[in-house]
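Trainee: Residue numbers for the sequence shown follow this note's numbering, so the first one is 886 and each next one is one higher. Dropping a structure here in structure tokens format, bear with me for questions.
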Amino acid sequence: MNRTSKKQAKIIVHPASIRLMTDATWEYAHKILWNNHPFTKKETEQAKALIQEYYESIPSEKFAAGIHRYFSGYCIRILMARNYVLRRPQRYIPHPCIWIDKRNPKGFAGTKAWYDAFIQEQHYVNQRFRPQSFSKTA
């Protein structure tokens, strides 16, 4: 047996962690997009199940290392959708079970491209306007 080889332990995400993030994301989306409109218990459970699919698709290693980044990203995408709707009175966010569904390219899934462009722009701005140290020449 080679003692120098290291085995990495398999990371398993506890279901309670996924449930916590799912609940927090639902509460945020419910308030921001649907203004706390009262949905039935069944509708809420369906919406949460759809949100949970997003969290379950995150690899365990990434979930454990940076779930806060995913949650922040999801919240930013929710705000982007809200801002998109507010720009024109004829726009609206459909029922949560339609909008959150991964198979709906015009719903939450469609905000991924917006978010990626936003992150790219932020990276560009941060690189371009980063303060540089100047050497003094005398």
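Just so you know, even glycine gets a beta-carbon here, dropped at the ideal spot from N, CA and C. Being a predicted model, the structure only gives us computed values, none of them experimental.
#1: Could you give the distance in angstroms between the alpha-carbon of Ile-896 and the alpha-carbon of Phe-956?
#2: What is the DSSP secondary structure of Asn-989, counted as helix, strand or coil?
#3: Between which two residues does the alpha helix (DSSP H) carrying Asn-920 extend?
#4: Is Thr-925 buried or exposed, if buried means 16 or more other CB atoms sit within 10 Å of its CB?
#5: Which residues bound the alpha helix (DSSP H) around Ile-963?
Mentor: On the basis of the data shown:
#1: 19 Å
#2: coil
#3: Taken as a continuous stretch (DSSP letters only), Asn-920 belongs to no alpha helix (DSSP H), as it is neither H nor E.
#4: exposed
#5: 945-971
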